[in-house]
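As you go down the protein sequences, you meet chains X and S in turn. Quick note: to get my numbering, add 15 to the position in the first sequence (first position is 1). Quick note: to get my numbering, add 15 to the position in the second sequence (first position is 1). Ideal Cβ positions, reconstructed from N, Cα and C, are used throughout, including at glycine. Taking it in order: structure first as structure tokens, then the write-up.
Protein chains: 2
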Amino acid sequence: MLDKFKAYLQQRMSITDEQFDLVASHLKTTTFLKNELVLSQGETSTRTYFILDGLMRSYSVDEKGKTHIIQFAPEGWWISDRNGLLNNEASDFNMDAIEPTTALIIPKDFFCTAAAHAPEFNLLNTTMLNNAIRFMQRRINLLLAATAEERYVDFVKLYPNLTLRVPQWMIASYLGITPESLSRVRKDLAHKHFKV
Amino acid sequence: MLDKFKAYLQQRMSITDEQFDLVASHLKTTTFLKNELVLSQGETSTRTYFILDGLMRSYSVDEKGKTHIIQFAPEGWWISDRNGLLNNEASDFNMDAIEPTTALIIPKDFFCTAAAHAPEFNLLNTTMLNNAIRFMQRRINLLLAATAEERYVDFVKLYPNLTLRVPQWMIASYLGITPESLSRVRKDLAHKHFKV
DNA sequence: TTAATTTATTAACATACATCAACGCTTGCA
DNA sequence: TGCAAGCGTTGATGTATGTTAATAAATTAA
Chain X
16 MLDKFKAYLQ
26 QRMSITDEQF
36 DLVASHLKTT
46 TFLKNELVLS
56 QGETSTRTYF
66 ILDGLMRSYS
76 VDEKGKTHII
86 QFAPEGWWIS
96 DRNGLLNNEA
106 SDFNMDAIEP
116 TTALIIPKDF
126 FCTAAAHAPE
136 FNLLNTTMLN
146 NAIRFMQRRI
156 NLLLAATAEE
166 RYVDFVKLYP
176 NLTLRVPQWM
186 IASYLGITPE
196 SLSRVRKDLA
206 HKHFKV
Chain S
16 MLDKFKAYLQ
26 QRMSITDEQF
36 DLVASHLKTT
46 TFLKNELVLS
56 QGETSTRTYF
66 ILDGLMRSYS
76 VDEKGKTHII
86 QFAPEGWWIS
96 DRNGLLNNEA
106 SDFNMDAIEP
116 TTALIIPKDF
126 FCTAAAHAPE
136 FNLLNTTMLN
146 NAIRFMQRRI
156 NLLLAATAEE
166 RYVDFVKLYP
176 NLTLRVPQWM
186 IASYLGITPE
196 SLSRVRKDLA
206 HKHFKV
């Protein structure tokens with residue numbers, strides 16, 4: 016199962032087998048059941064998860080009980096609560112597994128200790144963080160500028176894979192619209208011969 | 016002028032005068048006029064700016080010519096285009112100075128070279144990046160879950176300083192509403208005795 | 001200082017999306 | 001096997017916010 020993590024790293028940095036073994040010796044895997052709650056709003060967690068298999072999400076629940084999805088994390092993605100990670104503060108969000116999931120538990124100091132074995136881990140870390148920012152800026156821009164239909168089309172192009180795996184109401188919740196609206200958006204797109 | 020940067024670093028890490036001098040010797044300051052365009056959509060820039068004085072913003076312009084503000088950067092904030100920084104790609108956004116601005120030019124490899132002099136720069140860098148992600152998740156959550164009024168109230172509490180410095184139509188553009196809507200929101204809040 | 005431009009407000013009207021409710025379809029579990 | 005629960009669709013209706021336009025106030029330029 017660690018092979019997937021090794022492959023992930025090798026695609027993004029140069030790392031020897033020895034370095035990987037040293038680094039990976041600190042890591043444990045864990046599994047979550049479908050719909051298992053991993054972290055609730057108000058709890059504190061300093062862990063990051065690297066998803067080996069399955070699908071997780073982080074989301075908020077507002078006063079009316081409505082759910083708003085902050086992030087999807089399928090295989091090869093990272094997910095964590097930054098409040099806990101940075102300041103040992105309570106999480107603003109919930110986290111759960113949408114599918115049965117296997118994940119690596121990445122402790123808070125992982126990149127720091129890993130960099131002691133292979134300095135390139137520092138660059139990998141900052142590159143990934145910058146990338147996350149880039150994606151979030153893009154999403155914010157869409158939320159500010161685009162219609163529900165445009166946001167859905169963008170989602171499908173960006174995550175064709177997720178579109179099939181995730182129930183529609185979750186996609187709606189990620190896009191910031193109701194499931195009913197998404198249903199209508201899809202109907203309109205079908206008339207315009209939009210595929211998948 | 017570099018004093019401000021030194022104070023900024025000293026608040027966030029331990030750094031000696033010698034280390035600072037070494038690190039700062041690579042840096043140049045630059046100034047921008049009010050309304051000066053710093054970067055346009057389609058151009059490539061690998062620079063980051065650290066704002067010493069003044070106020071900058073990054074924003075997109077959609078097909079209808081409407082402006083959508085991605086980020087405000089007042090004194091003590093960083094601003095950059097991640098497309099250029101990460102991949103030497105063209106920027107999705109524009110960047111300009113809202114006020115006359117003095118900024119440090121931070122080259123792409125700054126944190127890497129600085130870490131050679133003071134390793135704590137690595138931690139500072141990742142902490143700041145994680146913090147940026149935290150703030151953006153919070154903003155996304157508000158865009159998904161909150162009304163225009165709630166978002167405005169949140170903005171005013173989070174950036175009381177900016178509320179006074181920035182024209183209303185820019186705040187509207189940051190919140191994802193029209194200036195007319197913001198005007199109405201403010202009127203309603205005034206009736207509810209909301210202050211500032 | 002006047003003139004020109006930008007910014008903020010207000011009103012009438014338009015629309016994208018939400019809400020509420022009803023109805024089949026699937027799914028999972030008793 | 002059957003039945004409850006969840007999911008997706010559709011329709012009728014409601015509402016927050018957008019659009020357009022006019023005007024006033026503030027800022028900038030000449």
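Problem set entry | Interface flag, LEU101/S vs chain X, CB-CB below 8 Å | Sequence index remark: in the second sequence, residue 101/S carries index 86 (1-based). Interface annotation, LEU101/S: in contact with chain X, CB-CB separation under 8 Å.
Exercise. Does the beta-carbon of ASP96/X have 16 or more other beta-carbons within 10 angstroms, so that it is buried, or is it exposed?
Worked result: As a working note, residue 96/X is residue 81 in the first sequence. With 16 or more other Cβ atoms from the protein chains shown falling within 10 Å of its own Cβ, ASP96/X counts as buried.
Exercise. Counting only beta-carbon atoms, is GLY191/S nearer than 8 Å to chain X?
Worked result: Taking the first residue of the second sequence as 1, we reach residue 191/S at position 176. Taking Cβ atoms only, chain X reaches closer than 8 Å to GLY191/S, which makes this a yes.
Problem set entry | Within-8 Å CB hit, MET151/X to chain S | Locating residue 151/X in the first sequence gives position 136, where the first residue counts as 1. For MET151/X, the answer is yes, since a Cβ of chain S falls inside 8 Å of its Cβ.
Exercise. Pairing CB atoms from the segment 121-129 of chain S with CB atoms from the segment 158-175 of chain X, are three or more of them under 8 Å?
Worked result: With a cut-off of 8 Å on Cβ pairs, the segment 121-129 of chain S is not in contact with the segment 158-175 of chain X, counting fewer than three such pairs.
For this session: For ASN103/S, name the three-state secondary structure that DSSP assigns.
Result: Within the second sequence, numbered from 1, the residue matching residue 103/S stands at position 88. Here ASN103/S carries a coil assignment [DSSP, helix/strand/coil].
Exercise. Since ASP77/S meets chain X, which of its residues come closer than 7 Å, beta carbon to beta carbon?
Worked result: The residue you call residue 77/S lines up with position 62 of the second sequence. What ASP77/S touches in chain X: ALA160.
Exercise. Rounded to a whole number of angstroms, what is the C-alpha to C-alpha distance between VAL200/S and GLU90/S?
Worked result: Taking the second sequence and counting its residues from 1, the one referred to as residue 200/S is at position 185. Taking the second sequence and counting its residues from 1, the one referred to as residue 90/S is at position 75. Distance between the alpha carbons of VAL200/S and GLU90/S: 28 Å.
Exercise. Is the beta carbon of GLU33/S sitting closer than 8 Å to the one on LEU70/S?
Worked result: Locating residue 33/S in the second sequence gives position 18, counting from the first residue. Locating residue 70/S in the second sequence gives position 55, counting from the first residue. In this structure, LEU70/S does not lie closer than 8 Å to GLU33/S by Cβ.
For this session: Please list the segments of the alpha helix (DSSP H) lying wholly inside the segment 49-90 of chain S, counting only runs of 4 or more residues, in order along the chain.
Result: For the segment 49-90 of chain S, not a single whole alpha helix (DSSP H) run of length 4 or above is found.
For this session: Decide if MET16/X is buried, meaning its Cβ has at least 16 other Cβ atoms within 10 Å, or exposed.
Result: As a first step, residue 16/X must be located in the first sequence, where it is residue number 1. Counting every other CB atom within 10 Å of its CB across the protein chains shown gives MET16/X a total below 16, marking it as exposed.
For this session: Kindly say whether LEU144/X, judged by its beta-carbon, lies nearer than 8 Å to any beta-carbon of chain S.
Result: Indexing the first sequence from 1 puts residue 144/X at position 129. Yes, because at least one Cβ of chain S sits closer than 8 Å to the Cβ of LEU144/X.
Exercise. When DSSP builds the beta bridges, which residues end up paired with PHE47/S?
Worked result: Within the second sequence, residue 47/S is the residue found at index 32, counting from 1. Its beta-bridge partners are THR116/S.
Exercise. To which residues of the same chain is ALA39/X closer than 6 Å at the C-beta, ignoring the five residues directly before and after it?
Worked result: Mapped onto the first sequence, residue 39/X falls at position 24. Within the same chain, ALA39/X has close Cβ partners LEU17.
Problem set entry | As assigned by DSSP and simplified to three states, the class of SER95/X | Taking the first residue of the first sequence as position 1, residue 95/X is located at position 80. Three-state DSSP puts SER95/X in a strand.
Problem set entry | Whether LEU139/S touches PHE65/S by CB criterion (8 Å) | By one-based count along the second sequence, residue 139/S stands at place 124. By one-based count along the second sequence, residue 65/S stands at place 50. Not closer than 8 Å, so no.
Problem set entry | Sequence-distant residues of the same chain with beta carbon closer than 6 Å to TYR189/X, five excluded per side | Walking along the first sequence from the start, residue 189/X turns up at place 174. Excluding residues within five positions, the ones whose Cβ falls inside 6 Å are ILE84.
For this session: Please classify ALA133/S: is it buried, with 16 or more other beta-carbons within 10 angstroms of its beta-carbon, or exposed?
Result: The count along the second sequence starts at 1 and reaches residue 133/S at position 118. Counting the other CB atoms within 10 Å of its CB gives ALA133/S a total of 16 or more, which places it among the buried residues.
For this session: Report all residues from its chain with a CB closer than 7 Å to the CB of ILE192/X; omit the five preceding and five following residues, and keep chain order.
Result: The residue given as residue 192/X occupies position 177 in the first sequence. Once the five neighbours on either side are set aside, the close Cβ partners of ILE192/X are ALA163.
For this session: Mark MET60/X as exposed unless 16 or more other C-beta atoms lie within 10 angstroms of its C-beta, in which case mark it buried.
Result: Position 45 of the first sequence, counting from 1, holds the residue named residue 60/X. Reading off the sequence shown, one finds Ser at residue 60/X, where the question assumed Met. Buried is the call here.
Exercise. Can PRO122/X and ARG62/X be called in contact, C-beta distance under 8 Å?
Worked result: The sequence position of residue 122/X within the first sequence is 107, counting from 1. The sequence position of residue 62/X within the first sequence is 47, counting from 1. Contact annotation: PRO122/X and ARG62/X have beta-carbon atoms nearer than 8 Å.
Exercise. Can you tell which of THR44/S, THR46/S, THR45/S, TYR23/S has the C-alpha that lies nearest to the C-alpha of PHE35/S?
Worked result: Within the second sequence, the letter at position 20 stands for residue 35/S. Answer by Cα proximity: TYR23/S.
For this session: Measure the C-alpha to C-alpha separation of VAL53/X and THR116/X and round it to an integer number of angstroms.
Result: If you number the first sequence from 1, residue 53/X lands on position 38. If you number the first sequence from 1, residue 116/X lands on position 101. For VAL53/X and THR116/X, the distance between alpha carbons rounds to 11 Å.
Exercise. From the beta carbon of ARG97/X, is the nearest beta carbon of chain S less than 8 Å away?
Worked result: In the first sequence, counting from the first residue as 1, residue 97/X sits at position 82. Closer than 8 Å: yes.
Exercise. Using a C-beta to C-beta distance shorter than 9 Å, which residues of chain X count as neighbours of ILE85/S?
Worked result: Locating residue 85/S in the second sequence gives position 70, where the first residue counts as 1. The contacting residues are GLN152, ILE155, ASN156, LEU159.
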